[in-house]
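Taking numbering that gives the first Met the number 0, the leading residue of the sequence shown gets 0, the next gets one more, and so forth. Okay, structure first, notes after.
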Amino acid sequence: MPEPCPVAATLGVRSLRGTRATSPIIKALRAAAPHLYWKQTYTEDEVGRDFLDEYGYVELFGPGGHYASNKLRGYIGFWGPGLTYDRHDHESEERYFTLAGNAVFCAKGSPNLMLHPGQARSHASHQPHLMVTLDQPFLAYAVWRGAGFDGLPRMMASQA
Ligand SMILES: [Fe+2]
């Protein structure tokens, strides 16, 4: 049995700065966090212990989600402050919608962008990208669609 994801127990007490529009979602997620199925895609060898202690996601719908879907995958992701979610890619297209906090997104062929609550960012299929959180945790809703939506990201740190 996998270790429980630390985020499941701590989301309810984290400092999460949203907007008037995203705050009700954050409030609901805080209450639901201990009851949701939190996962981690990566191993300690890939991303380190500090990252795993401050990262987790809930697949709301998808092949392994709370609701089964064979067309799309949607998830809520959490990353603590001061993390680098290193360069990776995946076949699926991806769109992030920021709920709380902020993070800097860097993607090959796109301008770097700091996302704030209410803002979104897309990544094309196989577009390498990375994300850095600064002084705040980052909470986002994300959707994967298209070929490979049921796959996993592939870390590319050694090719940066
Ligand atoms: Fe991604």
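The beta-carbon is built from N, C-alpha and C at its ideal position, and this holds for glycine as well.
Nearest residue (CA-CA) to A32, options I75, G63, G64 and R19
Within the sequence shown, residue 32 is the residue found at index 33, counting from 1. Ranking I75, G63, G64 and R19 by Cα distance to A32 puts I75 first.
Quick one: is the Cβ of P127 within less than 7 Å of any heavy atom of ligand 1?
Translated into positions along the sequence shown, residue 127 becomes position 128. Not under cutoff, so the answer is no.
Buried or exposed (CB count within 10 angstroms, at least 16 for buried), A102
Taking the first residue of the sequence shown as position 1, residue 102 is located at position 103. Its Cβ being crowded by 16 or more others within 10 Å, A102 is buried.
Own chain partners of H65 with C-beta closer than 8 Å, once the 5 adjacent residues on each side are dropped:
Within the sequence shown, the letter at position 66 stands for residue 65. L35, Y36, V57, E58 and L59.
Around the C-beta of E2, are 16 or more other C-beta atoms found within 10 angstroms, so that it is buried, or is it exposed?
Position 3 of the sequence shown, counted from the start, is the residue given in the question as residue 2. It counts as exposed.
Once the 5 residues before and after A7 are set aside, which same chain residues still bring their CB inside 8 Å of it?
The residue you call residue 7 lines up with position 8 of the sequence shown. Closer than 8 Å at Cβ, skipping near neighbours: A32, P33, L35, W37 and G55.
Look up P53 in the DSSP assignment and say whether it is helix, strand or coil.
Counted from its first residue, the sequence shown places residue 53 at position 54. The displayed chain sequence assigns Glu, not Pro, to residue 53. DSSP places E53 in coil when its eight states are reduced to three.
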